[in-house]
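Step one of this worksheet: look at the structure below.
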Amino acid sequence: MRPYLKIEERERKLSETSLKLQLSNLIKLQTVDSEIYILRSEKSLKPQEIKALEDSFEAKKASMAELDKKSLDLQKQRKDKEGELAAKDEAIKKLQGQLYGLKTNKEYQTMLQQIQDAKADSSLIEDKVLELFDAADNVKKEAEKEKERLKEEEKVFLAGKKKVDDRVKEIDDRLAQLEAQRNMALKEIDPKILTQYERILSNRDGLAIVTVKGTSCGGCNMFVPPQVVNLIKMYEHIVTCEMCNRILYIDEGT
Ligand SMILES: [Zn+2]
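Counted the way the numbering used here counts, the sequence shown spans residues 475 to 728.
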């Protein structure tokens, strides 16, 4: 007959299984929490992505505003020149009217010269007006092209934005599933252990429980001494890494 285990021995065995089970539940919880952490990190970057798309599109619109400004500027220059031209023509008429009232041939010749000079000026101004008409035409054509280009850019912008929005929606759906899984997993974990786990989780980038790989911590890669490995294998207490403070466990399957 198999002898009964001593009382302490039985209690030790009991706590060993229960701590082992707790650790294995924590590992399951960590799997869920790791995915939550990654998804939340990804989601937190999305507003920046949208902002970058918006900024880039706004910058492209700036060229259109510049062309509009250029067009207004040309219109104003042309009106000024047209005003100048009208004044010049008025002056020529006035000189021509005065021509017949002159007394001497010398005065007459001087006036004729003045009229000729004014006409030459007027012709230069006219050329300038025509030049401004041409320039305005070119700007108008450029603006039409730019408008078409912006339409395409807007499509690209909206498609890019939709892609980000869709991904956020996908993340939210997955997070809702994971939260439900998490709530189920929590029920299996001792509240004290859970408190410790969650504190480490929030202080250590979403990773609270790690395996010991060979002789190093799976979280921070620091050396884990053999006596600590032995302590973990005794399953009497939760053992944490001295360096990063994460809960350590030994994957007995490997
Ligand atoms: Zn560590």
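We put the CB at the ideal spot given by N, CA and C, even for glycine.
Asked: For Phe631 and Leu527, what's the separation of their Cα atoms in angstroms?; Found: 6 Å
Asked: Examine ligand 1 and report whether any of its heavy atoms sits within less than 7 Å of the Cβ of Gly634.; Found: no
Asked: Helix, strand or coil: how does DSSP classify Lys687 here?; Found: strand
Asked: Within its chain, find whatever has a CB closer than 7 Å to the CB of Thr689; leave out the 5 residues flanking it on each side and keep chain order.; Found: Phe697 and Val698
Asked: Between which residues of its own chain and Gly693 is the CB-CB distance below 8 Å, once the five residues before and five after are set aside?; Found: Arg678, Leu681, Val684, Cys715, Cys718 and Arg720
Asked: Just checking Ala717 against ligand 1 - is the residue's beta carbon closer than 7 Å to any of the ligand's heavy atoms?; Found: According to the sequence shown, residue 717 is Met rather than Ala. At least one heavy atom of ligand 1 is nearer than 7 Å to the Cβ of Met717, so yes.
Asked: Just the Cα atoms here: how many angstroms apart are Lys567 and Lys550?; Found: 26 Å
Asked: On the DSSP letters alone, give me the boundaries of the alpha helix (DSSP H) that Tyr582 sits inside.; Found: Asn579 to Leu660
Asked: Under 8 Å, with one C-beta from each stretch per pair, do the segment 515-530 and the segment 624-638 reach the 3-pair mark?; Found: yes
Asked: Taking C-alpha atoms, which residue in Leu722, Thr578 and Met708 lies nearest to Tyr671?; Found: Leu722
Asked: In this structure, what does DSSP give as the bridge partners for Tyr723?; Found: Thr685
Asked: Please confirm whether any heavy atom of ligand 1 lies closer than 7 Å to the CB of Gly693.; Found: yes
Asked: So Glu710 and Ser492 are supposed to be a Cβ contact under 8 Å. How far apart are they, rounded?; Found: That belief does not hold up - the Cβ atoms of Glu710 and Ser492 are roughly 11 Å apart, past 8 Å.
Asked: So, for Ala610: in the same chain, excluding its five sequence neighbours on each side, which residues have a beta-carbon less than 8 Å away from its beta-carbon?; Found: Ser545, Leu548, Gln549 and Arg552
Asked: Excluding five sequence neighbours on each side, which residues of the same chain lie with their C-beta closer than 7 Å to the C-beta of Met475?; Found: Its pLDDT being 49, under 50, Met475 is placed unreliably in this model, and the value from its coordinates should be taken loosely. Answer for Met475: no residue qualifies.
Asked: Using a threshold of 7 Å, is the CB atom of Arg720 nearer than that to any non-hydrogen atom of ligand 1?; Found: yes
Asked: Can you tell me where the alpha helix (DSSP H) with Lys550 in it begins and where it stops?; Found: Lys520 to Leu573
Asked: Apart from the five residues on each side of it in sequence, which residues of its chain come closer than 6 Å, Cβ to Cβ, to Glu483?; Found: none
Asked: Alpha carbon to alpha carbon, how far is Thr669 from Asp725?; Found: 23 Å
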